[in-house]
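**Student:** Numbering (our numbering), first residue to last: 450 to 672.
The C-beta atom is built at its ideal place from N, Cα and C for all residues, glycine as well.
Predicted model only: the values in this text are computed from it and were never measured.
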Amino acid sequence: MPGSAAAALLEATELAFIADDGTVTVYPPRPELVAMLTLFEAETGRVVRSMQRQLTMSASRAALALDDRSRQRGVREEVVIDRRAVLSSPLATTVDPGLRVGSVPTPVMLSDERLALLAVPPGRAPEGGCCWTVDPQLVRLALAAFLETWDAALPWQEAGLRPPLPERRFRVAVLLMDGHTDREIADELGISTRTVSDEVRAVVDSLGARSRSHAVAMLVGAA
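1) Please state whether DSSP places ASP531 in a helix, a strand or coil.
2) For ALA622 and LEU536, which I take to be in contact (beta-carbon distance under 8 Å), what is that distance rounded to the nearest angstrom?
3) Please report the distance separating the alpha-carbon of ARG502 from that of LEU459.
4) Below 6 Å CB to CB, which residues in the same chain sit around SER646 once its five sequence neighbours on both sides are set aside?
5) How big is the Cα-Cα spacing for ALA534 and ASP545?
6) Helix, strand or coil for ARG525? Go by DSSP, reduced to three states.
7) Is VAL528 near ARG549, with beta carbons less than 8 Å apart?
8) With DSSP as the reference, label ARG611 as helix, strand or coil.
9) Could you tell me which residues DSSP pairs with TRP599 in its beta bridges?
10) Helix or strand or just coil, what does DSSP make of PRO585?
11) Heavy atom of the ligand MG less than 7 Å from the Cβ of CYS580, yes or no?
12) I'd like to know whether the C-beta atoms of GLU490 and LEU564 end up nearer to each other than 8 Å.
13) Please report the straight-line C-alpha distance between ALA602 and LEU587, rounded to a whole angstrom.
14) Judging by CA-CA distance, which residue of ILE530, VAL569, LEU614 is the nearest neighbour of THR598?
15) What separation, rounded to the nearest whole angstrom, lies between the Cα atoms of PRO612 and THR542?
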């Protein structure tokens, strides 16, 4: 059950949809995700806060370059991922090294304290979409819901998750998920095929996978 702040946010979001007064702008789940996240990143000056009930590598990979850009600008990140989702994603701590693990009542992303991305209420179209708002009341409620969840969540170290992969190994793992050969990965990263082979073996070992193909299945959440 959502906490009091999350329940108030869900109710207010539903009322905004009923009012249909331009308080929220709705985005479908695809194909506008990258464009929306790009705009969100550009609007963020100090801190991005995010709590998500699902963690898919396709969405995470779409945001990787944006994450790098934000970190280079000194933007702080506070991330909570639902425990059920994070346990099936071995790269979660690499994508978000400071993440916490907890029970997430509803997806929220906040840019500073002035812009929020919220889930489309159940039963509203488009299913799986999100809505963008700068409405002060909704942003305040979203921040309160996030902080309520953040305070109750555990750092990933206490939740027993795998530690982040080194940068090069992570890049190898991402290309491995796309089915690239060692030669293709080497050309992409500007390293030798022997180094790639060593990194792939390290990825397989760190996952406890039986083989390269089993490691790929684990990375994409299919094993």
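**Tutor:** Reading off the structure:
1) Locating residue 531 in the sequence shown gives position 82, where the first residue counts as 1. Correct three-state label for ASP531: strand.
2) To locate residue 622, count along the sequence shown from 1; it is residue 173. To locate residue 536, count along the sequence shown from 1; it is residue 87. About 18 Å; that fails the 8 Å criterion.
3) Here residue 502 refers to the residue found at position 53 when the sequence shown is read from its first residue. Here residue 459 refers to the residue found at position 10 when the sequence shown is read from its first residue. About 15 Å.
4) As a first step, residue 646 must be located in the sequence shown, where it is residue number 197. Only ASP631 meet the Cβ criterion.
5) The residue given as residue 534 occupies position 85 in the sequence shown. The residue given as residue 545 occupies position 96 in the sequence shown. Looking at the two C-alpha atoms, the distance is approximately 14 Å.
6) To locate residue 525, count along the sequence shown from 1; it is residue 76. If DSSP states are grouped into helix, strand and coil, ARG525 belongs with the strands.
7) The count along the sequence shown starts at 1 and reaches residue 528 at position 79. The count along the sequence shown starts at 1 and reaches residue 549 at position 100. Yes, Cβ-Cβ distance for VAL528 and ARG549 is below 8 Å.
8) The residue labelled residue 611 in the question sits at position 162 within the sequence shown. Note: ARG611 maps to coil in three-state DSSP.
9) Translated into the one-based positions of the sequence shown, residue 599 becomes position 150. The partner list for TRP599 (beta bridge, DSSP) is empty, contrary to what the question assumes.
10) By 1-based counting over the sequence shown, the position of residue 585 is 136. Three-state DSSP puts PRO585 in a helix.
11) Among the components of this structure there are no ligands whatsoever, and the ligand MG is therefore not found.
12) For the purposes of this step, residue 490 is identified with residue 41 of the sequence shown, where counting begins at 1. For the purposes of this step, residue 564 is identified with residue 115 of the sequence shown, where counting begins at 1. For GLU490 and LEU564, no; Cβs fall outside 8 Å.
13) Your numbering for residue 602 matches position 153 in the sequence shown. Your numbering for residue 587 matches position 138 in the sequence shown. Their Cα atoms are separated by approximately 22 Å.
14) By one-based count along the sequence shown, residue 598 stands at place 149. Selected option, being the one with the closest Cα: ILE530.
15) Against the sequence shown, residue 612 aligns to sequence position 163. Against the sequence shown, residue 542 aligns to sequence position 93. Taking the straight line joining both Cα atoms gives about 6 Å.
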